[in-house]
Every structure is written in C-alpha cells, then in structure tokens.
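*Asks:* Adding 60 to a residue's 1-based position in the sequence shown gives its number in the numbering used here.
Before we start, here is the structure in question, set down as structure tokens.
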Amino acid sequence: MSSPLEGIIIQHIKDNGAMSIGDYMAMALGHPEHGYYMTRDPFGAEGDFTTAPEISQLFGEMIGVWVADVWQQMGAPSEFTLLECGPGRGTLMADILRATRHVPGFGEAAQVFLMEVSPVLKEMQGWRLKDYAPTWIETVDEIPQGKPLIVIGNEFLDALPFLQFQKGVDGWEERIVDVKDGQLCFGTREADGEMLELIPFHIREKSAGSIFEFAPNRIGFLSAVSKVFEKNGGAGLFIDYGHKKAAVGDTFQAVKKHESVDVLSHIGEADLTSHVDFEMLVRGVKVAVHGPVQQGQFLKALGIDLRATALLKHANEGQAQDMQKALYRLTSPGEMGELFKVIGLSSGLKPCGFE
Ligand code: SAH
61 MSSPLEGIII
71 QHIKDNGAMS
81 IGDYMAMALG
91 HPEHGYYMTR
101 DPFGAEGDFT
111 TAPEISQLFG
121 EMIGVWVADV
131 WQQMGAPSEF
141 TLLECGPGRG
151 TLMADILRAT
161 RHVPGFGEAA
171 QVFLMEVSPV
181 LKEMQGWRLK
191 DYAPTWIETV
201 DEIPQGKPLI
211 VIGNEFLDAL
221 PFLQFQKGVD
231 GWEERIVDVK
241 DGQLCFGTRE
251 ADGEMLELIP
261 FHIREKSAGS
271 IFEFAPNRIG
281 FLSAVSKVFE
291 KNGGAGLFID
301 YGHKKAAVGD
311 TFQAVKKHES
321 VDVLSHIGEA
331 DLTSHVDFEM
341 LVRGVKVAVH
351 GPVQQGQFLK
361 ALGIDLRATA
371 LLKHANEGQA
381 QDMQKALYRL
391 TSPGEMGELF
401 KVIGLSSGLK
411 PCGFE
C-alpha cells in the first residue's frame, strides 16, 4: 500500500515535472506533515536503525575526550559554542557532557547548541539535555558570532540531500525521480553544465552506466562551518559512512526496521541516505582538514580499549558481554570500524585521533 506522501510526490511531479534526487529526498525526509524525520523517533531495536552513540556510552566518551582536547588546545576559552548537528536522541551530547564534567572550566564554558529539524527529536533532546539549557538552531547562519566553536556531527551529513549523475552513451546526465504509469520511477535529464564541470576528471572517463553522486548541500554546509572556524577559531568532527576518495557507484539507500528497502517506496516511513564522499566534501573548506580515518582506528587512537577495560572491572557478566559486543561493533572492520570514517576540521590545531 502506498503512503500518503507517495501520492503527494506523484502529484507534485505531475504538476511540476520530474525532480532531482535531492528534492525527492528533502521531501521524503522533511515534508512538514508526513516527512520521515517529522513523525518519529527512528532509532534503536524497535526503530529503523541504530547509531554509534546508541550502541554504547563508549562512543560519546571518546568524542568527549576529543572535544575537551581541542578546547584545551584553543586555550580553554571561557565561553564557546558547542554545537551538535543532527543530535538524534541527544545521547551523544549527553555522553560528551558527562565524560567532560571533570575537566576544570569546560562545563561552565560550553554553550550547548543543537541543529535539528525533527520536532519529535527536538523534544527528546530537550528532555535528555534539560540540565544544559540547549539552544536549537536550523541553519549555520544562526551560529553565534565572535565566539570559538566546536561542532560535532554523527551520521548527519548522510542525511543531507545529494544528486546523482549517470553516464549515458552521449555523456553525463542527471538521474531524476519521475512518474510512469502512475508509479514513481528513475529517469534521466540533461545535466546542469556547471555541475558537470565539478565532476573529477578520473570520474568523467568512466564507462556508460556509471553513477556518480554529488552533494552540493553537504559541501556547502561544511564550507559554511569552516568559515566560522576561520573567523572565530574552533574545530569540527564529522563521522559518517562513506569513501575517502571520489568514486562511482549508487549508494542511495532506504532503511526501514533494520532492513534495506526500495528507495522509491515506503516514502516517509524509511530513512533515506547515501554514503559521504569525503574527498568532494572538503572542497570548499578553507581551514585545516584532518583525516579522514576509519572509525575503528580513530576510537582506538583515543583509547577506547583502555576505557572499556576500566569499565569491565566493575561490570557483571551480562554487562561485560554487552560491552565487548559494543566495542566490537564500533571498531571491528567487518562492523562499523572501517566503513565509517571520521574527518576533522580546525583552525590550525592538532586534534587527537588522526595520527
Ligand atoms: N547523530 C545522531 C542522529 C543521526 S540521524 C546519532 O548518531 O544517533 C540524523 C539526524 O540528523 C537526526 O537527528 C535528524 O533529525 C537530523 N537531520 C536530518 N536532516 C537535518 C537537517 N537538514 N538539519 C538538521 N538536522 C537534520
């Protein structure tokens, strides 16, 4: 059975013509009434997917170590903006603030900001972080000026819309969402020339049928954040699944109840994402870029094994088993350790974890 949003998108295409994959994704996730992020808490065993902070407190604690380290490298400013983009249930921020509570001056200096679109998740974040009086913002423009900034984002960039280009026999075209026989389907249309210019040369040469994903929104977001670092000083940490180098391939995915489903069905009921291309991502960044490195490597460099060993000393058998499992999921190459990458940005600092 089709969802209400499917009918709305089909009508929109009939009225206005085919839409880019980015516009389709923005509508499916962000439609004010039926959009995926507007209506639900998507996380956990009962939800659609599980993220690293929801697997174990170990993840947020390691990010807390990273945040405290960059704050100290910045000269421990007495006021700074601590922003999380796409904070989900607020678990990561809560773990960071708990892990850093013994760092003298940090808690008093941190002004917590959350960039979030989902009303459901905003409410959960508000409850989870009520002791820290967070401020919600919706765009980078709302980041306070004149104060140093530390930004984190876990699985945030993959949720921002992206475009696909497909090589046809006569060159590259844009892949789009269209309607045929009353059903949504993929099609192609002439691509914007300026956009095609941005495709790296080694990608342009690929054979017919190749798909290249390009995400101006993600590049624009990071570039805008990097300008704040340039002006006010600061550092950012972004963790996501993706590839270090630009590559061809269709990574558009829909996930519902922990299963992969068709990207053009279950609209508004499945999470839509694509892998992050970390090479293209930093094209507009003006400050120092650190990494990307694999998540497993990053967490180990920050001392996740030592922290787990310390916690295991006080754990009962069940807790110990859960901890070992979580550690394995977060760091093992076959789990999240290799596919997930970590990238840092900074105004000339030497953030830990990237050696
Ligand atoms: N960081 C969390 C959640 C990741 S899911 C975790 O690791 O558990 C993606 C998050 O980004 C959700 O909170 C979602 O509501 C939010 N989000 C998606 N698109 C957004 C946008 N354009 N602006 C702000 N938040 C967005």
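All C-beta atoms in this analysis are idealised placements derived from N, C-alpha and C, irrespective of residue type, glycine included.
From 177, 330, 154, pick the residue whose C-alpha is nearest to that of residue 167; which is it?
*Replies:* 154
*Asks:* For residue 215, which of 272, 384, 103, 94 has the nearest alpha-carbon?
*Replies:* Selected option, being the one with the closest Cα: 103.
*Asks:* When the Cα atoms are used, what is the spatial distance from residue 354 to residue 242?
*Replies:* Straight across, the Cα-Cα distance linking residue 354 with residue 242 is about 43 Å.
*Asks:* Between which two residues does the beta strand (DSSP E) harbouring residue 246 extend?
*Replies:* 243-250
*Asks:* For residue 214, which of helix, strand or coil comes out of DSSP?
*Replies:* strand
*Asks:* Return helix, strand or coil for residue 79, following the three-state DSSP convention.
*Replies:* Here residue 79 carries a strand assignment [DSSP, helix/strand/coil].
*Asks:* Which of helix, strand or coil does DSSP assign to residue 307?
*Replies:* coil
*Asks:* Count the other CB atoms within 10 Å of the CB of residue 288; is the residue buried (16 or more) or exposed (fewer)?
*Replies:* Around the beta carbon of residue 288, a 10 Å sphere encloses 16 or more other beta carbons of the protein chains shown; the residue is thus reported as buried.
*Asks:* Using DSSP's beta-bridge definition, name the partner residues of residue 274.
*Replies:* 223
*Asks:* In whole angstroms, give me the CA-to-CA distance for residue 384 and residue 213.
*Replies:* 25 Å
*Asks:* Identify every residue that forms a DSSP beta bridge with residue 228.
*Replies:* 231
*Asks:* Give the straight-line distance between the Cα atoms of residue 408 and residue 386, rounded to the nearest whole angstrom.
*Replies:* 33 Å
*Asks:* Kindly indicate the opening and closing residues of the alpha helix (DSSP H) around residue 180.
*Replies:* 179-188
*Asks:* Does the beta-carbon of residue 112, which I'm using as the reference point, lie nearer than 7 Å to any heavy atom of the ligand SAH?
*Replies:* yes
*Asks:* Using 7 Å as the cut-off, classify the Cβ of residue 258 as near or not near the heavy atoms of the ligand SAH, replying yes or no.
*Replies:* Checking every heavy atom of the ligand SAH against the Cβ of residue 258, none is found closer than 7 Å.
*Asks:* Can you tell me whether residue 176 sits near the ligand SAH, meaning its C-beta is under 7 Å from at least one heavy atom of the ligand?
*Replies:* yes
*Asks:* Provide the residue span of the alpha helix (DSSP H) that contains residue 256, from first to last.
*Replies:* 253-257
*Asks:* Measuring only the C-alpha atoms, how far is residue 266 from residue 259?
*Replies:* 11 Å
*Asks:* Alpha carbon to alpha carbon, how far is residue 223 from residue 309? Give it in angstroms, no decimals.
*Replies:* 12 Å
*Asks:* In the DSSP assignment, what residue or residues form a beta bridge with residue 144?
*Replies:* Checking the DSSP bridge columns, you'll see residue 144 partnered with 174, 212.
*Asks:* Do residue 144 and residue 327 have their C-beta atoms closer together than 8 Å?
*Replies:* no
*Asks:* Measure the CB-CB distance between residue 344 and residue 406 and report whether it falls below 8 Å.
*Replies:* no
*Asks:* Using CA atoms only, rank isn't needed, just tell me which of 118, 277, 394 is closest to residue 371.
*Replies:* 118
*Asks:* In terms of DSSP beta bridges, what is residue 314 paired with?
*Replies:* Residue pairing by DSSP places residue 314 opposite 321, 332 in a beta bridge.
*Asks:* Quick check on the burial criterion: 16 or more other C-beta atoms within 10 angstroms. Buried or exposed for residue 232?
*Replies:* Buried is the label assigned to residue 232, since at least 16 other Cβ atoms lie within 10 Å of its Cβ.
*Asks:* Name the DSSP beta bridge partners of residue 301, please?
*Replies:* 400
*Asks:* Give a yes or no on whether the minimum CB-CB distance between residue 412 and chain C is below 8 Å.
*Replies:* Absent from the structure: chain C. Only one protein chain is present.
*Asks:* Under the rule that 16 or more other beta-carbon atoms within 10 Å means buried, what is residue 126, buried or exposed?
*Replies:* buried
*Asks:* Who are the near neighbours of residue 228 in its chain, counting only those whose CB is closer than 8 Å to its CB and skipping five residues on each side?
*Replies:* 248, 268
*Asks:* With a threshold of 7 Å on Cβ separation, who are the neighbours of residue 128 within its own chain once the five nearest residues in sequence on each side are excluded?
*Replies:* 160, 163, 166
*Asks:* May I have the straight-line CA-CA distance separating residue 402 from residue 336, to the nearest angstrom?
*Replies:* Taking the straight line from one Cα to the other gives about 11 Å.
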